[in-house]
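Engineer:
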Amino acid sequence: MHFGQRSPGIVPDIILQGGEVIEGYEIIHTPGHTPGSICLYDRESQDLITGDTVFSDGGFGRYDFPGGSRDLLTESLKKLSELKVERLYPGHGVPAMQNGERIIKGAVTLIQSGYG
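Using the working numbering, the first residue of the sequence shown is number 85, and each one after it goes up by one.
Quick look at the structure:
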């Protein structure tokens, strides 16, 4: 399979809506990069697994895929900016072991500035 090629179809075992807690991680629905994007948040450790929503350099995921939305991604980033985050684990690149909140707030500022 290569970039842009459609998946033959995968049937999920469960559908996550957001708000569920699985093994200590709160599921946060963060549409924008894709309609079904999620992040996993551990309130106790302040760890956030972000997938392709936000990266440790303050960038954010593409939204030009089918189903992607700049407006939804902006709202998702704003939602994440309300969390207490120390460590950020993105789907690409190196993790940020500190200042997760600052990184997320920077991504909000960046997307609102018209970048991307």
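All C-beta atoms, glycine included, are put in the ideal place defined by N, C-alpha and C.
Who are the Cβ neighbours of Tyr173 in its own chain at under 6 Å, not counting the five residues just before and after it?
Structural biologist: As a first step, residue 173 must be located in the sequence shown, where it is residue number 89. Within the same chain, Tyr173 has close Cβ partners Ile133, Pro179.
Engineer: What separation, rounded to the nearest whole angstrom, lies between the Cα atoms of Val105 and Ile111?
Structural biologist: Counted from its first residue, the sequence shown places residue 105 at position 21. Counted from its first residue, the sequence shown places residue 111 at position 27. Going by the C-alpha atoms only, they are around 6 Å apart.
Engineer: Just the C-alpha distance for Ile188 and Gly142, rounded to the nearest angstrom, thanks.
Structural biologist: Reading the sequence shown from its first residue, position 104 is the one you call residue 188. Reading the sequence shown from its first residue, position 58 is the one you call residue 142. The alpha-carbon atoms of Ile188 and Gly142 are separated by roughly 6 Å.
Engineer: From which residue to which residue does the beta strand (DSSP E) around Gly135 run?
Structural biologist: For the purposes of this step, residue 135 is taken as the residue at position 51 of the sequence shown. Start and end: 131–135.
Engineer: Less than 8 Å separating the beta-carbons of Thr118 and Gly152?
Structural biologist: Sequence index remark: in the sequence shown, residue 118 carries index 34 (1-based). Sequence index remark: in the sequence shown, residue 152 carries index 68 (1-based). Contact: yes.
Engineer: Suppose the cutoff is 8 Å on Cβ atoms and the five residues either side in sequence are ignored; what does the same chain contact list for Lys162 look like?
Structural biologist: In the sequence shown, the residue the question calls residue 162 occupies position 78. The residues are Val192.
Engineer: Count the other CB atoms within 10 Å of the CB of Phe149; is the residue buried (16 or more) or exposed (fewer)?
Structural biologist: Position 65 of the sequence shown, counted from the first residue, corresponds to residue 149. Burial call: exposed.
Engineer: Pull up the distance between the alpha-carbon of Gln182 and that of Arg171, whole angstroms please.
Structural biologist: Along the sequence shown, read from residue 1 onward, the residue named residue 182 stands at position 98. Along the sequence shown, read from residue 1 onward, the residue named residue 171 stands at position 87. When rounded, the distance between both Cα atoms is 5 Å.
Engineer: Going by C-alpha to C-alpha distance, which of Phe139, Leu167, Gly135, Leu156 sits closest to Arg127?
Structural biologist: Here residue 127 refers to the residue found at position 43 of the sequence shown. Ranking the options by Cα distance to Arg127, first place goes to Leu167.
Engineer: Taking 8 Å as the cut-off, decide whether the C-beta atoms of Asp136 and His176 are in contact.
Structural biologist: One-based indexing of the sequence shown puts residue 136 at position 52. One-based indexing of the sequence shown puts residue 176 at position 92. Cβ atoms of Asp136 and His176: closer than 8 Å.
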